[in-house]
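Worksheet for the structure shown next.
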Amino acid sequence: MKRLTVWILLILLAAVPTVYAIQGQVTYTEGDVTLRGTGADRDVAIGDALGPGDVIVTGAASLAIIDLANGTTVKLREKTTLAIDSLGAATAVTLRAGAVFTSIAQKLTGSFSVRTTSAVAGVRGTEFFVAYGRSIDAEPDVWLCVNRGSVEVSIPQSGQTVLVNEGLGINIVGGTSITAPHRYPWTRGLNWNIDPVAGKVQDATSLDQAYTDLLNQDYD
Amino acid sequence: MKGFMVGIGLVLAAACVEADNVPVAPTGVVELQGRTQLVATIGSFDLLAEALGRLPDAGTLPDFTSLTVGGYYRVIPNLKVGVFYRVQVGARHDDDWVQNSSPPPDWMWQDTNGRLENILMLDASPRFQLSFLPGENWVLMVKTRYLYNTFDGEQSIMARPELTYFWIQDRIPLLNVSLSYEMYFPLNFGDTLLYQAYPYLTVLWHATPELGVELGGAYKTTIWSTSAMERAIDGVVYSVPFSSLVLSLGLVWTLGF
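One line per chain: the protein sequences are F and A, in this order. Under the working numbering, the residues of the first sequence are numbered 1 to 220, in order. Under the working numbering, the residues of the second sequence are numbered 1001 to 1257, in order.
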């Protein structure tokens, strides 16, 4: 099957013309976090600067929180690979594996996009979660749910557009179609906190919960 | 198997007997019942509470209601075990066929509408996914349950093979269709191997991830065996099959933690 390119594009309406420093920064890490930049791979330390071309990889039971300088904060869960494509007015990252929480400040400058490897989607919102699910029929599912604000998800090739409101989520099934928004019970366990000072930031929610366990259904 | 055949024989024999001291099974009975169930899943545990009630049917049957609480523990993916407690009113047992003490003597079902009974239940439910079937989303479960009624000491085993198809849309279940055959084997009462048996069909629509709406239909057959009073007074032995159509509506609430 043709591998489609997925764009999760977030454009905030309330854009403010102020331009912050066009450089990202690592603000928090736990466990093994590696940076694959232009040089050799190296461990990431809090305060490290990030730029286009950098790829951040978290190991098992690890996480990283990065500030993309335009009002966007991204929390990488364990076993996640995230590439920074561009920073500035059109900040873009590519989620290659795993899952990220994204929190957009009210005063985001420019646009922000997250690329995944399945369908093409565009979102608009303030706090959302994007993750790869199981691969069924060779293409991975992409799950997206919104904790705050609203999200507009669309697939440009088909023209399908879905508005996802706060508390709801969608699934890009096998990268080909977007489901109607649902309240997924499993998303209640997500840890949206991105402030280590405020409390635990690690999220261990299993994406397996997103799939119906047919052997765990009892009705009497 | 031999006992079952004997039981069938007794049933057939009873069908030919019509006497005032032998209960006569009404025909064309339709039981309407409703239930609501709450399931809270916490890790490998499912906590469950169920309220069930049968609509009054003008005296043909007692007004049965029950409340069940308990839980399942998932031992392995293919097996759950459970412990439950049920309180019920309006159940009818074989020994409820009694003779009126005031003259003239008459036999009747005693009123059990207000009678409280407590049931303890142990449950083991192996289940297997039959992915090789067309549609893949098939599950075969064999629910087995031991029941002990503290009111009269009756013990029984329930066995229910159940085949369910899950219609899944966008990775979430939309509809379940189950075909079951439920059987109750009395351990210390009755004259037949089977006390009660019925096939039933259930359709569960997942209206939301938390709420399912269930419609069910069953053709239930209960075999009334000789009551203790009947055996003591007249020495008559009977087994009378009573059949009814059971239509049910249920609401299943599911919470995950």
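Where is the CB? At the ideal position from N, CA and C, for every residue including glycine. A quick note: this is a predicted structure, and the numbers were derived from the prediction, not measured.
With the rule of 3 Cβ pairs closer than 8 Å, the stretch 179-186 of chain F counts as touching the stretch 152-171 of chain F. Counting C-beta pairs closer than 8 Å gives fewer than three between the stretch 1086-1099 of chain A and the stretch 1031-1049 of chain A, which falls short of the contact rule.
Around the beta carbon of Arg188 (chain F), a 10 Å sphere encloses fewer than 16 other beta carbons of the protein chains shown; the residue is thus reported as exposed. Linking Leu1179 (chain A) to Leu1116 (chain A) through their CA atoms gives a straight-line distance of about 31 Å. Residue environment for Asp1106 (chain A): exposed (fewer than 16 other C-beta atoms within 10 angstroms of its C-beta). Taking the Cα of Gly1153 (chain A) as reference, the smallest distance to any Cα among A:Pro1026, A:Ile1233, A:Val1237 and A:Asp1095 is reached at A:Asp1095. Chain-order list of chain F residues neighbouring Leu1204 (chain A): Tyr219, by C-beta distance under 8 Å. For Ile66 (chain F), the enclosing beta strand (DSSP E) stretches over residues Leu63 to Asp67. The way I'd put it, the stretch 1132-1141 of chain A doesn't touch the stretch 89-101 of chain F; fewer than three beta-carbon pairs between them come closer than 8 Å. A distance below 6 Å between beta-carbons, with the five flanking residues on each side excluded, links Val1237 (chain A) to the following residues of its chain, in chain order: Thr1226. Interface with chain A (7 Å Cβ-Cβ cutoff): Pro185 (chain F) is included. With distances taken between CA atoms, Leu215 (chain F) lies nearest to A:Ser1125 out of A:Val1098, A:Leu1255, A:Leu1251 and A:Ser1125. Under the criterion of beta carbons closer than 8 Å, Gly159 (chain F) and Trp143 (chain F) do not qualify as touching, at roughly 22 Å. The residue from F:Ala61, F:Leu68 and F:Leu63 with its alpha-carbon nearest to that of Asp54 (chain F) is F:Leu68. In this structure, the straight-line span from the alpha carbon of Leu82 (chain F) to that of Phe128 (chain F) is close to 16 Å. In chain order, Leu214, Leu215 and Gln217 make up the part of chain F whose C-beta sits under 8 Å from the C-beta of Val1139 (chain A). Using a CB distance cut-off of 7 Å, Val1252 (chain A) counts as an interface residue toward chain F. Nearest CB-CB separation between Thr205 (chain F) and chain A: not below the 7 Å threshold. Legend: CB atoms of the stretch 1050-1077 of chain A lying less than 8 Å from CB atoms of chain F belong to residues Glu1050, Tyr1072, Arg1074 and Pro1077. When F:Thr38, F:Ile65 and F:Ser86 are compared, the shortest CA-CA separation from Arg115 (chain F) is found for F:Ser86. Assignment of beta strand (DSSP E) within the stretch 146-174 of chain F, counting only whole runs of 3 or more residues, yields 151-155, 160-164 and 169-173 in chain order. In the three-state reduction of the DSSP assignment, Thr187 (chain F) falls in the helix class, which pools H, G and I. Taking a C-beta distance under 7 Å as the contact criterion, Gln1033 (chain A) and Ser1248 (chain A) qualify as a contact pair. DSSP places Asn1188 (chain A) outside both helix and strand once states are collapsed to three, so it counts as coil. In the pairwise beta carbon analysis, the stretch 199-214 of chain F is classified as not touching the stretch 1020-1037 of chain A: fewer than three pairs are separated by under 8 Å.
Proximity to Tyr1072 (chain A) across A:Leu1174, A:Phe1151, A:Tyr1195 and A:Arg1145 peaks at A:Arg1145, based on C-alpha coordinates.
Among the CB atoms of chain A, none fall inside 7 Å of the CB of Asn147 (chain F). In terms of beta-carbon proximity, Asn191 (chain F) stays away from the interface with chain A, with every pair separated by 7 Å or more. For the C-beta of Gln1037 (chain A), the chain F residues within less than 9 Å are, from N- to C-terminus, Tyr219 and Asp220. By the rule that beta-carbons nearer than 7 Å mark a contact, Asn70 (chain F) does not touch chain A.
Distance check between Ala1228 (chain A) and each of A:Lys1220, A:Gly1250, A:Gly1190 and A:Leu1215 places A:Gly1190 closest, using alpha-carbon atoms only. Judged by their CB atoms, Ser111 (chain F) and Ala90 (chain F) are nearer to each other than the 7 Å cut-off. Annotation for Asn1100 (chain A): Asp1106, Trp1107 and Met1108 place their beta carbon closer than 8 Å to its own, counting only its chain and skipping 5 residues before and after.
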